[in-house]
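Quick mapping for you: the protein sequence lines, in order, are chains A and B. Just so it is clear: in the first sequence, position 204 is 204 by this note's numbering, and no numbers are missing. Just so it is clear: in the second sequence, position 583 is 1583 by this note's numbering, and no numbers are missing.
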Amino acid sequence: MAQQLAMVIDAAKCIDCKGCVVACKVANEVPEGQWRNWIKPTSDTPVPGKKSDTARFQPGACMHCDNPTCVEACPTGATYKDKETGEVVINEGLCIGCGNCIPACPYDARFRNEVKRKADKCNYCPERRAAGIPPACVDTCPTKARVFGDINDPESEAGRLFRKNKARLTRVAAKTDTKPNMYYLGNPGPGEWGREAIIPASMVVMKQSAPLVKGIVALSGLGVLAMLGRQLFVGSDSDHKEDSDA
Amino acid sequence: MSNSKQTMSRRDFFKASGLVAAGAVGGPALLGGLKKAQAAPMAAPAWDSKFSACDMCFNKCGLIARVEDGIIKKLDPNPKFLKSRGMLCARGNAGLDQVYDPDRLKHPLLRKGARGEGKWQRIPWDEAIDMAAQKMEEVRKKYTPCGHLFSAGTDLHSKFVGRFAEVYGSFNVTSHESLCLVSGNRAFLDTYGEVPFPDVLNSKYIIMAGANRFEALVTPDSIDLMTAIRENGCKLVTLDPRYTKTAALSDEWYPIRPGSDMAFMLALAHVIIGEKLYNPQWIEEKTYGLDQLTEHVKQYTPGFAAEQCGIPAEDITRMARELAAAAPAAMIYPGRRTSDYEDSTQIRRSFAIVNGLLGNWDRPGGLLAARQVGLKGVSYDAPWYDENQEDRIDAHKVPMMFEHEGSFLVTRDSVLAEDPYPIKGWFVYKTNPMGTAPNRKKTIEMMNKMDFVTVVDIAMSDTAWFADLVLPSQSYLERTDPCAGLQGSVACACVVKRDPIIKSLYESRSLFDIMKGVAGKMDLGEYFDFTIEEFRKKQTREIPEALEVMDRDGVYYNPSKVYGIYEGRIYKTLSKKVELYNQRYEQMGLDPMPVYTPPTKVPKNQFRLVLGRDAAVTQTSTINNKLLNELNPTNTLWLNIEAAGKLGIADGDLVEVSSSVGRQELKAEVTDRIRKDTVYMLSGYNTLSTMQTLSHGNGASINELLDDDYDTITGNASMHTTFVTVTRKVA
């Protein structure tokens, strides 16, 4: 079976210390004001004397979905789902920074890196993995709430957790079901924040056409497309909304 | 739209379009063929990995620095470092920005304008060392050696400040601890004969009062607390006027009335004794004073405590029973910062006494004695000065001060009053009383009393801002440090050291080198006639393998005994037992058992100001850290929703907060996570130093607002005794 790299997270263990957030920023040189990962708190109402059933801090990042709407939205193929590892990868050499993928992610896991001017998001720290160490957020986590690995490998810690807890695994639902590969043990904390994926109308039209037509459109219209994409990105939020109707 | 940041490079564009075209023609689906155009397998970075220990707070977590071309790229946890359970928190990760902070001090600076005016002249090191030595000599001649004060923060080089002060002849050395934890230490020391380390990991029932362990990170406690409650079935009860993250993750939380913890604890004792829930054999063998305590706590019924602290009587009774049922694997968590009330030693004594009744000392899940680490002190014979004062300036003003920590607040008052003698010189290393001591105006006055102040630090702290001579010190990743022994309760007893990870930046020097230089100019050179490496060899003379092991693993563990250390050993107290009743206190005219005095009522239309800690904040040293500042860009005033409504204050409104000693402005954070009679803000903001770009003029300074009462037994600051009014600022 092919790999599926994923995170299996015990949100109940997260103390919201933001170690993962800073570790990620440093490891990946994420510019000021931008983030590849996050911790989302539940806004529960304090009740004296009772255990809060809802208090949870939810660590998150790109969920490397099985049904990645960001891949659909990418005009150049820079974003793709790696068949061998199950990761959603951005090939920076191909990314034109058009920004189509950003509203296409219902979890807002993507942003345009202000320095590189390319799409950016969690990539599970490939250079660290090549050095034999875990992704920065996983490595640094005080309570080891984040566990990373191949969930199809029963020998891995992530795979073991995944199997052992299959009955109670949860995911954060979005309005568009992207089948995320970020699993939580039991109550994940805030659960309903994922929005609808917004894919530019132009991409949807092309996807519906015959392959040959697509090829021609791709060849002839690429420049236009790229420019359009760029416009979409640098435009205001309302630009995205217009496209979301498609 | 035509922002240059948003343009795409031509090269990227052509590269992309060319590949896309090729893929589109050949592939079955639009652009689908591109999946072949994967990036080559990622190469591992060409970094060197070096061990060190973090210095972003006091915990000293083991780390691995990843260094490329002499530049630190990343700080990772050392997975072999058991005390921190192989973690590195947000601050640890942000250590990089402390080292590479553009606001770092770069050269020796000499004050040119008035104190605090910010006019500086860069001078060469030779001149700076000469000047420091000459001024210290002048002060010593004119005012005796005790006429010079030395203050040093929590740092592995601080012992060299102490050594210098001693050979110079001054008894006046203060640390940060009298603004933090000395009253708590006093209380446990005077109950058990030593300061315990809680075995959080193996505890089954923990009451956390006056502590916030999931936000104020202490290793291994913070991490072990999560393991205990999530995996070991431990019950956690938190008492806090704020709904902290610790409170949110607890089994039970009570918004206790600030200052009433002692009533709660004595009521627990009342129930445990009244219902005979203790282990009679243990109490008989190991403790002193049960009879007196039994009599004493009769008055402190759960009903009485309920009225005082706002926690229902039946819950207090139930908690006492649950605690006792889980004992000895149960505890009142001792806490760390105890600088809260004027009777904070007695408050923490009540914590210690309940632990005594639980019989948890030296046993799994309870309070543990310090383990053997194996490091040894390095002795020296300090010279004797006939022409000197009799004692410290803060001596005899509180009955049980720790001589080696002093009391900063008592010292400050004494300096201002020149009572019993004047102090005119001040040397400060890596501590920032101007930014951390309550009532900042008084610290400015204290500065103005000085003939000459030398500050050694990595940044222009507010204390440095008012100094005469400011010397740039190396950061923790540039230095050679002596060994430090660390206690990790059940996790470990271990030793760490630091070696330079990178070359020293700018003209910074280590504190040791500075002291050595100054001592050499003052005929005290013989006391610093060694290297740190030689010093470490002396420290590790009984564990000679330690240095090599640290080079290999980043840490040395002493596999010393964890439990049962006191089997066949006597307690270092007057009765040689755990003192429920403290005979020494009785002899000194202090309450031998804690007597509850209700906290002062919050005046009408006012609030009690409390402080607390955040996992990304270490006092004043992290606010100017770019990475950490992003997490807490400013501080806010936590204000209860109902209280805010009455005052017409909305979330985000600018408010003025004023106390008897100062006023500040900041934004209100209207929340249901705090009591109606209490307000809270983070410390470290609104610095005076303009060379702290991110904290200067940002938010409010809490120490400008706090009044300067202190614990009457130890002289520890009492920082929860200030009342403030809050008013909306009209724009």
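All residues carry an ideal CB built from backbone N, CA and C; glycine is no exception. Just so you know, these numbers come straight off a predicted model, no measurement behind them.
- Residue environment: SER1560/B is assigned as exposed (fewer than 16 neighbouring CB atoms within 10 Å of its CB, all protein chains considered).
- Here DSSP, grouped into helix, strand and coil, assigns LYS1537/B to helix.
- With contacts defined by Cβ atoms closer than 8 Å, LEU1266/B and TYR1596/B form a contacting pair.
- DSSP places SER1052/B within a strand segment (E or B) once states are collapsed to three.
- Note on geometry: alpha-carbon atoms of LYS1074/B and MET1719/B lie some 37 Å from one another.
- With a cutoff of 8 Å on beta-carbon distance, GLN1299/B and MET1593/B are scored as not near each other.
- Distance from the CA atom of PRO1258/B to the CA atom of ARG1440/B, rounded to whole angstroms, is 24 Å.
- For MET1087/B, the closest of MET203/A, ALA167/A, ARG146/A by C-alpha to C-alpha distance is ARG146/A.
- C-alpha of LEU1505/B to C-alpha of LYS1626/B: approximately 18 Å in a straight line.
- For GLU1665/B, the enclosing beta strand (DSSP E) begins and ends at 1663 to 1671.
- No Cβ-Cβ contact shorter than 8 Å links GLY1184/B with VAL1410/B.
- HIS1270/B and PRO1302/B have their C-alpha atoms roughly 8 Å apart.
- Under the Cβ criterion of 8 Å, PRO48/A is counted among the residues facing chain B.
- Just measuring C-alpha positions, the residue of CYS1054/B, THR1620/B, VAL1195/B sitting nearest ASN1686/B is THR1620/B.
- By the Cβ rule, the stretch 1382 to 1392 of chain B does not count as touching the stretch 1220 to 1229 of chain B, because fewer than three pairs are nearer than 8 Å.
- Beta-bridge annotation (DSSP): MET1208/B is paired with THR1238/B.
- Just so you know, the alpha carbons of SER1170/B and VAL1398/B end up roughly 20 Å apart.
- When Cβ-Cβ separations below 8 Å define contact, LYS25/A makes contact with chain B.
- In this structure, DSSP gives ALA1326/B a helical state, which the three-state scheme calls helix.
- Per DSSP, the unbroken alpha helix (DSSP H) holding SER1344/B starts and ends at 1344 to 1358.
- Chain A has no Cβ within less than 8 Å of the Cβ of PRO1383/B.
- ALA1053/B is the residue among GLY1520/B, TRP1047/B, ALA1053/B whose C-alpha sits nearest the C-alpha of ASP1481/B.
- Rounded to the nearest whole angstrom, the CA to CA distance from GLY1113/B to TRP35/A is 43 Å.
- In the DSSP annotation of this structure, the continuous segment of the alpha helix (DSSP H) that includes GLY1092/B starts and ends at 1090 to 1093.
- Within the model, the alpha-carbon separation for ARG1584/B versus LEU1590/B is close to 8 Å.
- ILE1064/B counts as buried, since at least 16 other C-beta atoms from the protein chains shown sit within 10 angstroms of its C-beta.
- Inclusion of ALA1615/B and LEU1201/B in the CB contact set at 8 Å is not warranted, their separation being larger than that value.
- PHE1607/B sits away from VAL1139/B, with the two beta carbons spaced by 8 Å or more.
- The shortest C-alpha to C-alpha distance from LYS1521/B to any of LEU1109/B, GLU1127/B, GLY1070/B is the one to GLU1127/B.
- Residue environment: SER1660/B is assigned as exposed (fewer than 16 neighbouring CB atoms within 10 Å of its CB, all protein chains considered).
- Measuring C-alpha to C-alpha distances from GLY186/A to each of LEU169/A, ALA201/A, ALA197/A identifies LEU169/A as the nearest.
- The C-beta of SER43/A has fewer than 16 other C-beta atoms within 10 Å across all chains shown, which makes the residue exposed.
- Within the same chain, PRO1482, CYS1483, LYS1497, LEU1547 come within 7 Å of ARG1536/B by CB-CB distance, once the 5 residues on both sides are set aside.
- THR178/A is positioned such that its CB atom lies no closer than 8 Å to that of ASN28/A.
- Residue pairing by DSSP puts LEU1637/B in a beta bridge opposite ALA1668/B.
- Distance from SER1461/B to GLY1435/B at the Cβ level is roughly 6 Å; contact confirmed, criterion being Cβ atoms closer than 8 Å.
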